[in-house]
Amino acid sequence: MMAALNVGIALLILALAVWTVVARDTFAAVVGFVAYGLLLTLVWVQLAGIDVALTEAALGGGLTGALLIGAAARLRRTEGAARAETPGFPTRLVAALAAVVVTAALAVAVLALPDPAPTLTHETAANIETTGVGNPITAVLLAFRAMDTLLEAIVVLFALVGVWSLAPDRAWGGRPGRLQRVDPNGILAYLARVLPPIGIVVGIYIFWIGADLPGGKFQGATILAAMWLLAVMAGLADAPPVGRTWLRLALVAGPVVFIAVGALGAVVADAFLAYPDGLAKPLIKVIEWALLPSLTVTLALILAGAPEREAK
Amino acid sequence: MSLADLFTVVAVSAGAVFFLAGTVGLLRFPDALTRLHALTKADNLGLGLVVLGLLPRVDGVLGGLTLVAIWLLALLAGAAVSQLIARAARRGGPPA
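Quick note, the sequences are listed as chains L and D, same order.
This note's numbering applies: residue 109 is where the first sequence begins, and numbers increase by one.
This note's numbering applies: residue 2 is where the second sequence begins, and numbers increase by one.
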């Protein structure tokens with residue numbers, strides 16, 4: 109019974125992947141991609157990877173989906189012209205061949221993996237007590253492989269800088285996105301009043317339990333950012349001008365604290381990002397608490413887009 | 002099979018029927034507004050019956066309340082998004 113369900117999900121995912129690639133309409137392809145992300149979430153649940161499932165639902169399906177829908181809406185006007193310029197047959201043949209080669213190489217690599225696959229699970233399980241954290245994913249992300257997480261936090265900041273760099277000169281430092289004109293008594297405004305209290309509690313809860321159960325700052329921050337964006341989209345709040353000093357400070361605070369804790373490790377313990385004995389869990393907590401607001405603001409502003417209105 | 006099990010089987014099956022009916026409606030109805038109407042059957046009644054059927058199987062009041070909260074959130078999201086899609090469809094948004 110379970111096998112039939114798994115095979116069904118796998119077939120659906122493959123079909124949606126093909127649909128996303130071959131769909132001619134950008135918007136249709138984006139919708140396919142979002143559905144693909146949601147089905148992928150089910151796969152991670154089936155594989156007992158609840159942390160990954162939460163991340164996929166929040167970031168892969170939700171945040172990326174919203175970004176792509178925004179991009180598709182902007183491309184709508186020029187899409188017809190772009191489609192008229194179909195590349196010639198040789199170009200398409202080369203593209204198809206390149207895609208087949210990459211797919212074949214990936215397939216060979218996956219099939220060549222040793223069975224059972226090499227794993228660090230036992231080392232993680234054996235050493236998790238030294239971190240004082242209950243969730244092995246959190247232990248890996250913030251103790252054993254903290255460098256990866258530090259770079260991730262900085263990469264999203266760079267992504268935001270990339271988004272901002274698309275601003276026209278006159279709007280530099282101004283408010284992101286267009287002014288929202290929404291019916292103040294409409295259903296969107298209603299949803300933006302009812303949902304955020306629930307969403308804020310859920311987001312902070314997912315962040316809070318991250319140390320011992322599936323959850324964490326990235327997933328929590330995405331939910332919090334979504335709640336703020338909902339209020340902005342419904343016209344109940346406005347995005348702040350991106351030139352504000354407090355905003356810039358909020359953006360860099362998390363990574364700065366992370367780097368400071370890392371530097372402390374270099375002085376007190378024996379390596380960058382090494383935690384002194386017995387202080388691992390408090391320091392992990394400090395990093396998580398510092399990263400949550402920074403990630404929330406960063407993700408929300410990435411979705412809000414480049415500044416388009418002058419700061420008044 | 003206890004009475005609770007029987008209740009679960011009946012309620013979840015009824016929920017599945019509503020999901021099936023909603024999906025058939027989504028595929029077969031002629032325009033965006035009627036298709037949205039078909040979807041609400043799956044969201045509201047289908048999910049509601051599935052949640053109702055699962056209630057005897059949860060351990061503790063908290064688990065049951067979580068299930069009911071999930072249904073209420075799905076109701077809220079479904080109703081709000083249907084309205085937004087319907088408005089976009091009436092203004093001539095993406096082709097039906």
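Here a beta-carbon is modelled for each residue, glycine too, at the ideal position from N, C-alpha and C.
Note that the stretch 314–327 of chain L touches the stretch 243–250 of chain L; at least 3 beta-carbon pairs, one per stretch, sit closer than 8 Å. Less than 8 Å divides the Cβ of W152 (chain L) from the Cβ of V160 (chain L). E416 (chain L): member of the beta strand (DSSP E) spanning 415–417, first to last residue.
As a beta-bridge residue in DSSP terms, P284 (chain L) pairs with L:P415. Per DSSP, the unbroken alpha helix (DSSP H) holding F197 (chain L) starts and ends at 197–219.
For S273 (chain L), no alpha helix (DSSP H) encloses it, and the DSSP letter there is neither H nor E.
For I314 (chain L), the CB contacts under 6 Å within the same chain, skipping 5 residues up- and downstream, are G323, Q327, G328 in chain order. Of all residues in the stretch 281–307 of chain L, only G294, I295, L296, Y298, L299, V302, L303, I306 place a beta-carbon less than 9 Å from a beta-carbon of chain D.
When secondary structure is reduced to three states using DSSP, E237 (chain L) falls in the helix class. Rounded to the nearest whole angstrom, the CA to CA distance from L183 (chain L) to M255 (chain L) is 37 Å. Using a Cβ-Cβ cut-off of 9 Å, L76 (chain D) is close to nothing in chain L; its nearest Cβ partner there is about 11 Å away. Counting only residues of its own chain and dropping the five nearest sequence neighbours on each side, R283 (chain L) has a CB closer than 6 Å to the CB of A347, P349, R417. With 16 or more other Cβ atoms inside 10 Å of its own Cβ, D44 (chain D) counts as buried. Between T134 (chain L) and E187 (chain L), the CB-CB gap stays under 8 Å. Counting along the chain, F380 (chain L) sits inside no alpha helix (DSSP H), nor does DSSP assign it H or E at all.
Contact holds between the stretch 402–411 of chain L and the stretch 350–363 of chain L, because three or more Cβ pairs, one in each stretch, are under 8 Å apart. Per the coordinates, the alpha-carbon of V11 (chain D) lies some 44 Å from the alpha-carbon of V248 (chain L). In the three-state DSSP reduction, T330 (chain L) falls in the helix class (H, G or I).
Taking a Cβ-Cβ cut-off of 9 Å, the neighbours of A81 (chain D) in chain L comprise I295, L296, Y298, L299, V302, L303, given in sequence order. The alpha-carbon separation between V69 (chain D) and G61 (chain D) amounts to approximately 13 Å. Distance between Y298 (chain L) and L76 (chain D), taken at the CA atoms: about 14 Å.
It is roughly 43 Å from the alpha-carbon of W280 (chain L) to the alpha-carbon of A123 (chain L). Between T330 (chain L) and G170 (chain L), the beta carbon gap of about 6 Å places them in contact (Cβ cut-off 8 Å). The residue from L:M335, L:Q154, L:A213, L:R253 with its alpha-carbon nearest to that of F380 (chain L) is L:R253.
Taking 8 Å as the upper bound on Cβ-Cβ separation, chain L lies near no residue of the stretch 11–40 of chain D. For I236 (chain L), the closest C-alpha among the options L:A251, L:P226, L:A225 is that of L:A251. DSSP, read as helix, strand or coil, puts D277 (chain L) in helix. Rounded to whole angstroms, the separation of the alpha carbons of G23 (chain D) and T35 (chain D) is 11 Å. Just so you know, the alpha carbons of F30 (chain D) and F19 (chain D) end up roughly 15 Å apart. Among the CB atoms of chain L, one or more fall inside 8 Å of the CB of L85 (chain D).
The beta-carbon separation of A261 (chain L) and P304 (chain L), rounded to 25 Å, does not stay under the 8 Å limit for a contact. In this structure, I395 (chain L) places its C-beta atom within 8 Å of the C-beta atom of V365 (chain L).
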